[in-house]
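> Per this note's numbering, numbering of the sequence shown is gapless, rising by one per residue and ending at 760. Note that the Cβ used here is the ideal one computed from N, Cα and C, for glycine as well.
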Amino acid sequence: MFTLTAKNEEETKWIAAQLAQLLEPKDVILLEGDLGAGKTTFTKGLAKGLGIDTVIKSPTYTLIREYTKGRLPLYHMDVYRLEDVGGDDMGLEEYLYGNGVSVIEWATFIEEELPDAYLTIQLVPTGEFYENREVTFIPTGERYDALVETLQGILKKEGQ
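1. Taking all protein chains shown into account, do 16 or more other C-beta atoms lie within 10 angstroms of the C-beta of Ala616, making it buried, or fewer, making it exposed?
2. Between Leu692 and Pro715, is the Cβ-Cβ spacing less than 8 Å?
3. Among the residues of its own chain, which have a CB less than 8 Å from the CB of Gly686, if the five just before and after it don't count?
4. In three-state terms, what does DSSP make of Tyr744?
5. Does the Cβ of Ala746 have 16 or more other Cβ atoms within 10 Å, making it buried, or fewer, making it exposed?
6. Is DSSP giving Gly686 helix, strand or coil here?
7. Which residues in the same chain have their Cβ closer than 6 Å to the Cβ of Val763, if we skip the five residues on either side of it in sequence?
8. How about Val637 and Leu751: do their beta carbons lie closer than 8 Å?
What follows is the structure, given as structure tokens:
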């Protein structure tokens with residue numbers, strides 16, 4: 601686990617783009633943070649790092665947005681609306697075990713559907729005007745332990 605501070609939205613996106621370079625098919629990223637914490641901003645950075653040029657929007661009302669025109673497909677999910685029903689009938693396994701990267705907001709509502717290994721990223725607004733983001737990477741499983749260690753090395757080399 602490690603934490604760093606992004607000073608603005610562009611820096612948040614840049615950090616996410618660095619992570620995107622390390623992602624592989626079937627990778628699962630859980631984004632945690634309150635409303636306005638920067639989850640969609642982080643996803644925009646991931647998309648850019650995957651070579652996806654499409655406008656990235658929050659999937660709040662659609663549940664899942666698919667972006668397939670990049671190095672890997674990106675499946676951006678917001679499962680907040682599944683709080684009372686769970687994700688049993690959504691076919692999430694097609695995304696989680698498919699050929700792309702799954703990014704899930706509010707994953708606590710579908711915990712039973714998640715794979716054993718994933719990367720949790722917590723985003724917390726900080727600073728006098730909440731312009732900064734404290735970004736914490738919490739790996740679960742060997743794949744993500746190694747990924748976070750590699751990412752930490754890249755970010756330290758770049759001065760983060």
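For this structure:
1. Looking up residue 616 in the sequence shown gives position 16. Flag for Ala616 reads buried.
2. As a first step, residue 692 is located in the sequence shown; it is residue number 92 there, counting from the start. As a first step, residue 715 is located in the sequence shown; it is residue number 115 there, counting from the start. Contact: no.
3. Reading the sequence shown from its first residue, position 86 is the one you call residue 686. Bear in mind that the predicted position of Gly686 carries a pLDDT of just 46, short of 50, making it unreliable; the figure below should be weighed with that in mind. Excluding its 5 nearest sequence neighbours in each direction, Gly686 has C-beta neighbours in its own chain below 8 Å: Phe709, Ile710, Glu712, Glu713, listed in chain order.
4. On the sequence shown, position 144 is the one that residue 744 refers to. Per DSSP, reduced to three states, the secondary structure at Tyr744 is helical.
5. On the sequence shown, residue 746 is found 146 positions in, with the first residue counted as 1. Burial is judged here by how many other beta carbons sit within 10 angstroms of a residue's own beta carbon; Ala746 has fewer than 16 and is exposed.
6. Numbered from 1 along the sequence shown, position 86 holds the residue referred to as residue 686. Model confidence at Gly686 stands at a pLDDT of 46, short of 50, so the residue's coordinates are unreliable and nothing is read from them.
7. The structure shown does not extend to residue 763, since the chain spans only 601 to 760, so no value can be given for it.
8. Position 37 of the sequence shown, counting from 1, holds the residue named residue 637. Position 151 of the sequence shown, counting from 1, holds the residue named residue 751. It should be noted that the sequence gives Ala, not Val, for residue 637. Contact: no.
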